[in-house]
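In the numbering used here, the protein residues as written are 19 to 426.
Here a beta-carbon is modelled for each residue, glycine too, at the ideal position from N, C-alpha and C.
Structure first, then comments.
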């Protein structure tokens, strides 16, 4: 049988595509689930039934990815090849792999939806969530059973010649109607769950940064919904052509993306405490402190080199630094390098003001770019600068101005 004209006949097979998307799904799912379990067991002991469902969904996705990799690398299943290159035995193996894949997809999607719904029901118990859980469980289990028993005998689902007692008689459901109906059910429930969770979070009074985080997480969930719609389009193409072994690859791609994105979106809200703890742990390491202190010294040194400051200028900067140290509050411990530099710069500005020199104007400060927010606010108060001074300006440039340009 010749491949359909609508299919790409230039490539020999699509095995690499299946392997790539399977590996991508594993790389997204495994770290997300592991991070979630670690946070829920070690950082914030809040392990619940939603985490159990997420672990089961992760196992199902990884198993589906491994199975897909086996089917495309074995060479005896015909997945990703053109139909005219597949023999009868390989075609039977192909439909057997599709049968197993459909069951795994239903199981993984059911666990993902249960994990999301039980998680938000723990946060804010609601009758709406309980009803949604009941509908999802009833619909998914019914589709799963129908998928398993789509043909009697079951082996007829992948081998039409298989029948008991050699009678060559079998009964199968209309798989086209069933596939469309189950795909439509999944799409509707996906958007319903997404909208229900968004409705709960819409009324929260949170900071702007937190709102952007929520929008980002829900955007990933929306991408998963979009992948389910794309999967429906690929299903239509699968039934519209004769080259089934070739047309199944886009379905597998969209299915993997839908499952992986849904798991990532469901895990992100739970792994943020772990991310914050890791960042705090890194900042407490001696190596981090050494690097930050070294980097804080670079701007002033760099400014001195570029400005070509003279020996008199360097002596003047040393005098200013002594004044800055003397002006620190009594009883305080030795200041950090950044604090000493800021104190030096403050002393320079105070000295210029006493000597009648004009302090730096707004345009100069904006052009230099000073990176210390507190010092920028001090400038506004001491010199009555407009409040439109940028919040993040570069300390290096102002240091260069006082340690170099005004001295040279």
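Among the options, the one whose alpha carbon lies nearest that of residue i
i	options	result
residue 292	158, 58 and 134	58
residue 39	277, 104 and 152	277
residue 102	255, 31 and 269	31
residue 86	300, 122 and 74	122
residue 202	251, 70, 237 and 159	251
residue 118	45, 255, 286 and 83	83
residue 285	174, 234 and 265	234
residue 205	225, 188, 218 and 158	158
residue 229	287, 46 and 145	287
residue 107	198, 179 and 302	179
residue 194	140, 253 and 152	253
residue 89	168, 209, 114 and 249	114
residue 168	152, 148, 100 and 192	192
residue 81	41, 69, 100 and 68	41
Three-state class that DSSP yields for residue i in the structure shown
i	result
residue 94	coil
residue 437	This structure leaves residue 437 out entirely; the chain is present only between 19 and 426.
residue 107	helix
residue 170	strand
residue 384	In this prediction, residue 384 scores a pLDDT of 39, lower than 50, which makes its location untrustworthy; the coordinate-derived value is nonetheless stated afterwards. Residue state, collapsed to three classes: helix.
residue 403	Bear in mind that the predicted position of residue 403 carries a pLDDT of just 40, short of 50, making it unreliable; the figure below should be weighed with that in mind. Note: residue 403 maps to coil in three-state DSSP.
Contacts around residue i, its chain only, beta-carbon distance under 7 Å, and the 5 residues preceding and following it disregarded
i	result
residue 245	272, 275, 276 and 279
residue 116	266
residue 56	292
residue 71	129, 132, 133 and 136
residue 256	262, 265, 266 and 269
residue 144	none
residue 209	243
residue 142	218
residue 240	212
Within 9 Å, strictly: CB atoms of residue i and residue j
i	j	result
residue 79	residue 43	yes
residue 281	residue 51	yes
residue 150	residue 196	no
residue 176	residue 236	no
residue 75	residue 130	yes
residue 137	residue 218	no
residue 211	residue 154	yes
residue 170	residue 188	yes
residue 207	residue 109	no
residue 283	residue 242	yes
residue 190	residue 173	no
residue 213	residue 140	no
residue 16	residue 36	Any question about residue 16 goes unanswered here, given that the chain covers just 19 to 426.
residue 295	residue 61	yes
Interface flag, residue i vs chain E, CB-CB below 9 Å
i	result
residue 85	Of the protein chains in this structure there is only one, and it is not chain E.
Close beta carbons around residue i, own chain, < 8 Å, minus the five adjacent residues each side
i	result
residue 162	121, 124, 125 and 128
residue 53	285, 289 and 292
residue 399	Only weak support exists for where residue 399 lies, its pLDDT of 43 falling under 50; the coordinates are left without a value.
residue 146	214
residue 249	201, 269, 272, 273 and 276
Other residues of its chain near residue i: CB distance less than 6 Å, five sequence neighbours each side excluded
i	result
residue 104	96 and 263
residue 94	108 and 111
residue 64	58
Residue i beta carbon near the ligand FMN (any heavy atom closer than 8 Å)
i	result
residue 202	You won't find the ligand FMN in this model; it holds no ligand whatsoever.
Entirely enclosed beta strand (DSSP E) segments - the segment 186–246, minimum 3 residues = none
Starting from the N-terminal side, write out each stretch of the alpha helix (DSSP H) that is 4 residues or longer and does not extend beyond the segment 133–178.
-> 145–166
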